[in-house]
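Here is the structure we will look at.
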Amino acid sequence: PQAHALTDVTGFGLAGHLDEMLRASGVSAKIDLAALPLFDGAEALAERGVASTLAPANRAALVGRISAPHNARAALLFDPQTAGGLLAAVPADQADTLLTALTAAGYTAARIGTIHPAGANPALTTF
């Protein structure tokens, strides 16, 4: 499988880095919050209001660009504490092959959403 786009997820959080990819490619995305791989305990901490000092600025930078609920799982989209994961955009018909190869190699991998033609804002929506 060949990626159309790839980025490391660091200081801007998943949402910020995905938005960079969307802007550069002129497309939009829908993210399945339930499919996000999370570190053990991350969602519980977010439910208690624990967040990085950068998370509010990361969310504010995407006002008008993202439609996401104000809940713990969505809050983690803006968290810069990601341990250097990668975000790849691959053709839908190759996604399962890539996921199988990555998990067979011992990596955590998940299909977290879909890419769509650009439309009206927001460019990034969650479900």
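Basically the working numbering = 1-based index in the sequence shown + 5. Glycine residues also receive a C-beta, built at the ideal position from the N, C-alpha and C atoms.
Residues of its chain near residue i, where Cβ-Cβ distance is below 6 Å and the 5 sequence neighbours each way are ignored
i, result
"L19", "L82"
"A93", "A8 and L11"
"A100", "R116"
"L103", "P6 and V95"
Where the alpha helix (DSSP H) containing residue i begins and where it ends
i, result
"H22", "G18 to S30"
"D101", "A97 to A109"
"L50", "A47 to E52"
N- and C-terminal bounds of the beta strand (DSSP E) containing residue i
i, result
"A77", "Here A77 belongs to no beta strand (DSSP E); instead the alpha helix (DSSP H) covers A77 to A80."
"T119", "G118 to P122"
"T131", "L129 to T131"
DSSP state of residue i mapped onto helix, strand, coil
i, result
"T15", "coil"
"P61", "helix"
"L41", "coil"
"L92", "strand"
Exposed unless 16 or more other CB atoms sit within 10 angstroms - verdict on residue i
i, result
"D84", "buried"
"D24", "buried"
"I29", "One point to set straight first is that residue 29 is Ala, not Ile, in the sequence displayed. By the neighbour-count rule (16 or more Cβ atoms within 10 Å), A29 is not buried but exposed."
"A65", "exposed"
"H121", "exposed"
"A97", "exposed"
Neighbourhood of residue i by C-beta distance below 7 Å, restricted to the same chain and skipping five residues each side
i, result
"A79", "L38, A73 and T131"
Below-8 Å beta-carbon distance, residue i vs any chain C residue
i, result
"L67", "This model lacks chain C altogether; it includes just one protein chain."
Own chain partners of residue i with C-beta closer than 8 Å, once the 5 adjacent residues on each side are dropped
i, result
"G31", "A123"
- prompt: With a cut-off of 8 Å, do at least 3 Cβ pairs link the stretch 6 to 21 to the stretch 54 to 67?
  reply: yes
ask   = Using 8 Å as the threshold, is the stretch 66 to 74 in touch with the stretch 119 to 132, meaning 3 or more CB pairs across them?
value = yes
Original post:
Is the stretch 106 to 117 touching the stretch 38 to 57 in the sense that three or more CB pairs, one from each, lie closer than 8 Å?
Top reply: yes
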